[in-house]
Amino acid sequence: MKIHEKILTHYLSCTSPVDKEGYLYKKKERTSSYQRRWFVLKANLLFYQERPADRHLLGVIVLEGCAVQHCESEGGLFAFSMVFRGSGLKTYRLAAEDQLGQESWVKALLTASHCYLSLLVRDLGKQYEEAKRQAGPAESHQRTTVTGPGSKCLTQSMASLNSCSSSFLMPGPVRREGGSHSASNVLQAPPMPSKVINKRSPKHWPKRNAHVTPINGPAPPYGEWPQVDFDPLEDFTKLHDYYGEGVKQLRADWLRRRQEEEEHLEEDLIDLSEH
Amino acid sequence: MRFNEKELISLSRQPSERAAELGMRGPKKGDVVKRRLVKLVVNFLFYFRTDEEEPQGALLLEQCRVEREDSQAFSITFLDEAERKYLFECDSQEQCQEWIDSIIKASYEFMRKNLIFYRTEIHRLTGKDPLEQYGIEDETRFQVTSGLQLMPKDI
């Protein structure tokens with residue numbers, strides 16, 4: 004299959020933001036040796052090369068359909084893996100030099116997929132509509148929580164995931180009680196008294212015209228979001244699968260669902276038999 | 014350059030935002046229109062030779078320009094180079110417009126901008142940062158920075 008390398012490398016070098024970059028150790032397949040590589044994460048693509056200044060890219064990993072999880076530390080390195088689900092699919096083993104690096108890479112990779120971003124945008128879209136409704140003619144700061152059905156689902160589902168999974172770090176809204184694993188405080192949302200929000204507000208949020216993102220509507224003028232019919236529970240469950248790796252039940256559910264989807268998908272493909 | 018081909022092929026089998034048989038013409042001189050099954054999955058446009066299970070190719074839909082060409086065709090230009098302009102012929106004006114809209118909205122950068130818009134607005138309206146409930150407010154990816162620029166995308 005042709006991947007059109009130039010398009011990928013152009014995207015890497017263009018002005019859109021890099022989401023994370025740094026040295027990581029990458030385990031060579033089928034050996035136990037690690038090689039130090041410079042990784043650049045942009046969108047749902049993880050590029051790697053020998054050194055930051057290199058023009059020659061060694062490779063790219065498309066980050067869809069993989070679960071990111073911590074591994075046993077090896078040789079003083081803080082390892083984690085990206086497990087692609089599906090028969091015959093790879094597991095990439097990477098390692099950072101320190102725990103902070105490991106935590107921040109795991110978190111960045113967990114939130115990198117297009118699917119994740121898509122669900123997040125959908126969820127925020129609902130929250131936005133709700134916030135507009137409730138703000139009414141006079142915008143007020145009286146409401147401290149904005150929840151829509153979408154975000155409730157996401158919150159609840161992530162909460163239940165927190166309670167069953169004990170070996171994964173994930174950006175969850177719920178504080179774990181007696182967290183037995185190394186959930187660093189970096190990953191958990193700190194308590195937010197309203198005065199902190201207000202203090203952050205003027206600096207943190209730029210003035211409207213600092214951006215070209217339009218403010219008159221929810222999205223740039225390309226029309227409505229496509230009304231893709233989906234079962235919210237199914238999609239949120241998919242999201243959970245990214246984080247619920249290692250929980251056998253969740254994996255079994257996912258595999259079963261995927262089979263159903265594939266069967267469904269084959270029905271949807273255009274019938275080319277006349278061709 | 015290495016890439017995770019098997020995983021990408023597996024991705025091409027996932028439920029897609031949009032899939033149809035279209036006429037597709039490559040960018041090189043002498044390229045002709047060929048029928049291909051074109052499938053939009055996340056921010057990739059896969060294209061299959063008819064009757065083949067494995068895609069012939071995958072186009073990353075970032076940093077590209079999508080334009081209407083004629084009433085029933087659209088083009089995607091990469092790297093701003095005419096030598097990288099792909100043409101797609103649809104069966105109707107409506108289908109053509111739907112494809113254009115879907116491709117634009119599939120881009121990660123487009124989604125990121127929307128996210129930042131919602132984040133900013135929700136915060137403005139409620140005083141609360143909606144990303145905090147997920148513990149992702151500090152991720153670079155979701156920051157409201159001035160480095161972002163809208164890519165020109167013509168319809």
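Residue numbers (the working numbering), protein chains in the order written: chain A, 4 to 278; chain B, 14 to 168.
Note that beta-carbon positions come from the ideal geometry of N, C-alpha and C, so glycine has one too.
What first and last residue would you give for the alpha helix (DSSP H) that runs through Gln102 of chain A?
The residue labelled residue 102 of chain A in the question sits at position 99 within the first sequence. Per DSSP, Gln102 of chain A belongs to the alpha helix (DSSP H) from 102–113.
Which residues bound the beta strand (DSSP E) around Glu82 of chain B?
Numbered from 1 along the second sequence, position 69 holds the residue referred to as residue 82 of chain B. Counting along the chain, the beta strand (DSSP E) containing Glu82 of chain B begins and ends at 77–82.
Taking a contact to mean a Cβ-Cβ separation below 8 Å, would you say Arg154 of chain B touches Arg125 of chain B in this structure?
As a working mapping, residue 154 of chain B is identified with position 141 in the second sequence. As a working mapping, residue 125 of chain B is identified with position 112 in the second sequence. For Arg154 of chain B and Arg125 of chain B, yes; Cβs fall inside 8 Å.
Consider the Cβ of Lys19 of chain B: report whether some Cβ of chain A lies at a distance smaller than 8 Å.
Translated into the one-based positions of the second sequence, residue 19 of chain B becomes position 6. It does; some Cβ of chain A falls within 8 Å.
Given a threshold of 16 other Cβ atoms within 10 Å of its Cβ, counted over all protein chains shown, does Leu190 of chain A qualify as buried or as exposed?
Locating residue 190 of chain A in the first sequence gives position 187, where the first residue counts as 1. With a pLDDT of 36 at Leu190 of chain A, under the threshold of 50, the modelled position of this residue cannot be trusted; read the value that follows with caution. Burial call: buried.
Within 8 Å (strictly less), CB to CB, does Phe101 of chain B reach chain A?
Taking the first residue of the second sequence as 1, we reach residue 101 of chain B at position 88. Taking Cβ atoms only, chain A never reaches closer than 8 Å to Phe101 of chain B, which makes this a no.
Can you tell which of A:Glu133, A:Leu122, A:Ala111, A:Glu8 has the C-alpha that lies nearest to the C-alpha of His59 of chain A?
As a first step, residue 59 of chain A must be located in the first sequence, where it is residue number 56. Cα-wise, what sits closest to His59 of chain A is A:Glu8.
Per the contact definition of three or more C-beta pairs closer than 8 Å, is the stretch 35–42 of chain A in contact with the stretch 62–76 of chain B?
no
How would you list, in chain order, the residues of chain A whose beta-carbon sits under 8 Å from the beta-carbon of Gln69 of chain B?
Sequence index remark: in the second sequence, residue 69 of chain B carries index 56 (1-based). Simply Met4, Lys5.
Residues of chain B with CB under 9 Å from His73 of chain A, in chain order?
Looking up residue 73 of chain A in the first sequence gives position 70. What His73 of chain A touches in chain B: nothing, since even the nearest Cβ is about 17 Å away.
Would you kindly check if the distance between the Cβ of Glu30 of chain B and the Cβ of Leu53 of chain B is under 8 Å?
In the second sequence, counting from the first residue as 1, residue 53 of chain B sits at position 40. In the second sequence, counting from the first residue as 1, residue 30 of chain B sits at position 17. Going by C-beta atoms, Leu53 of chain B is nearer than 8 Å to Glu30 of chain B.
Quick check: the stretch 130–138 of chain B against the stretch 111–118 of chain B, are there 3 or more CB pairs under 8 Å?
no
How many angstroms separate the CA atom of Phe87 of chain B from the CA atom of Lys98 of chain B?
Position 74 of the second sequence, counted from the first residue, corresponds to residue 87 of chain B. Position 85 of the second sequence, counted from the first residue, corresponds to residue 98 of chain B. Distance between the alpha carbons of Phe87 of chain B and Lys98 of chain B is about 10 Å.
Using a Cβ-Cβ distance under 8 Å, would Pro20 of chain A count as near chain B?
For the purposes of this step, residue 20 of chain A is identified with residue 17 of the first sequence, where counting begins at 1. It does: the Cβ of Pro20 of chain A has a partner Cβ on chain B nearer than 8 Å.
Using a C-beta to C-beta distance shorter than 9 Å, which residues of chain A count as neighbours of Arg78 of chain B?
Position 65 of the second sequence, counted from the first residue, corresponds to residue 78 of chain B. The premise fails here: Arg78 of chain B is roughly 12 Å from chain A at the closest Cβ pair, so nothing lies under 9 Å.
Quick check: Tyr28 of chain A and Leu97 of chain A, are their CB atoms within less than 8 Å of each other?
For this step, residue 28 of chain A is matched to residue 25 along the first sequence. For this step, residue 97 of chain A is matched to residue 94 along the first sequence. Yes, these two residues count as a Cβ contact at 8 Å.
Can you tell me the Cα-Cα spacing of Met14 of chain B and Leu61 of chain A, whole angstroms?
Taking the first residue of the second sequence as position 1, residue 14 of chain B is located at position 1. Taking the first residue of the first sequence as position 1, residue 61 of chain A is located at position 58. About 5 Å.
Rank B:Val157, B:Asn127, B:Phe101, B:Ser105 by C-alpha distance to the C-alpha of Val46 of chain B and give the top, closest one.
Stepping through the second sequence from its first residue, residue 46 of chain B is reached at position 33. Among B:Val157, B:Asn127, B:Phe101, B:Ser105, the Cα nearest to that of Val46 of chain B belongs to B:Phe101.
For Ala95 of chain B and Gly139 of chain A, the rounded distance between their alpha carbons:
Within the first sequence, residue 139 of chain A is the residue found at index 136, counting from 1. Within the second sequence, residue 95 of chain B is the residue found at index 82, counting from 1. So the two alpha carbons sit approximately 49 Å from each other.
Bridge-paired residues (DSSP) for His73 of chain A
Translated into positions along the first sequence, residue 73 of chain A becomes position 70. Partner(s): A:Phe83.
With a threshold of 8 Å between beta-carbons, can Phe87 of chain B be considered close to chain A, or not?
On the second sequence, position 74 is the one that residue 87 of chain B refers to. Chain A, which has no Cβ nearer than 8 Å to the Cβ of Phe87 of chain B, makes this no.
Check the Cβ of Ser23 of chain B against every Cβ in chain A and list those closer than 8 Å, keeping chain order.
For the purposes of this step, residue 23 of chain B is taken as residue 10 along the second sequence, with counting starting at 1. Those within 8 Å of Ser23 of chain B in chain A are Gly68, Phe87, Gly89, Leu92.
Hey, is Tyr37 of chain A's beta-carbon within less than 8 Å of any beta-carbon in chain B?
In the first sequence, counting from the first residue as 1, residue 37 of chain A sits at position 34. No - not a single Cβ of chain B is within 8 Å of the one on Tyr37 of chain A.
Exposure of Arg136 of chain A, with buried meaning 16 or more beta-carbon neighbours within 10 Å:
Locating residue 136 of chain A in the first sequence gives position 133, counting from the first residue. The residue in question, Arg136 of chain A, is exposed, as its Cβ has fewer than 16 Cβ neighbours within 10 Å.
Out of curiosity, what's the CA-to-CA distance linking Gly91 of chain A and Leu49 of chain A?
Numbered from its first residue, the first sequence carries residue 91 of chain A at position 88. Numbered from its first residue, the first sequence carries residue 49 of chain A at position 46. Cα to Cα, the separation comes out at about 20 Å.
Measuring straight from C-alpha to C-alpha, what distance separates Thr12 of chain A and Pro68 of chain B?
The residue labelled residue 12 of chain A in the question sits at position 9 within the first sequence. The residue labelled residue 68 of chain B in the question sits at position 55 within the second sequence. If I take the Cα positions, the gap works out to 21 Å.
Range covered by the alpha helix (DSSP H) that runs through Val124 of chain A:
As a position in the first sequence, residue 124 of chain A is number 121, starting the count at 1. Its alpha helix (DSSP H) spans residues 117–138.
For Asn47 of chain A versus Glu67 of chain A, is the C-beta distance shorter than 8 Å?
The residue you call residue 47 of chain A lines up with position 44 of the first sequence. The residue you call residue 67 of chain A lines up with position 64 of the first sequence. Yes, Cβ-Cβ distance for Asn47 of chain A and Glu67 of chain A is below 8 Å.
So which residues on chain A does Ile116 of chain B lean against when the C-beta distance must stay under 8 Å?
Within the second sequence, residue 116 of chain B is the residue found at index 103, counting from 1. Neighbours of Ile116 of chain B on chain A: none; closest Cβ ~10 Å, over 8 Å.
Suppose the cutoff is 8 Å on Cβ atoms and the five residues either side in sequence are ignored; what does the same chain contact list for Gln106 of chain B look like?
Start at 1 with the first residue of the second sequence, and residue 106 of chain B comes out as number 93. So the qualifying residues of the chain are Ser84, Gln85.
Work out the CA separation of Tyr131 of chain A and Ala222 of chain A for me, nearest whole Å.
Taking the first sequence and counting its residues from 1, the one referred to as residue 222 of chain A is at position 219. Taking the first sequence and counting its residues from 1, the one referred to as residue 131 of chain A is at position 128. Residue placement at Ala222 of chain A is flagged as unreliable, the pLDDT there being 43, under the threshold of 50; the coordinate-derived value follows with that caveat. When rounded, the distance between both Cα atoms is 11 Å.
Please state whether DSSP places Ser23 of chain B in a helix, a strand or coil.
Translated into the one-based positions of the second sequence, residue 23 of chain B becomes position 10. Helix.
Would you give the residue range spanned by the alpha helix (DSSP H) that Ala119 of chain B belongs to?
Against the second sequence, residue 119 of chain B aligns to sequence position 106. Start and end: 106–119.
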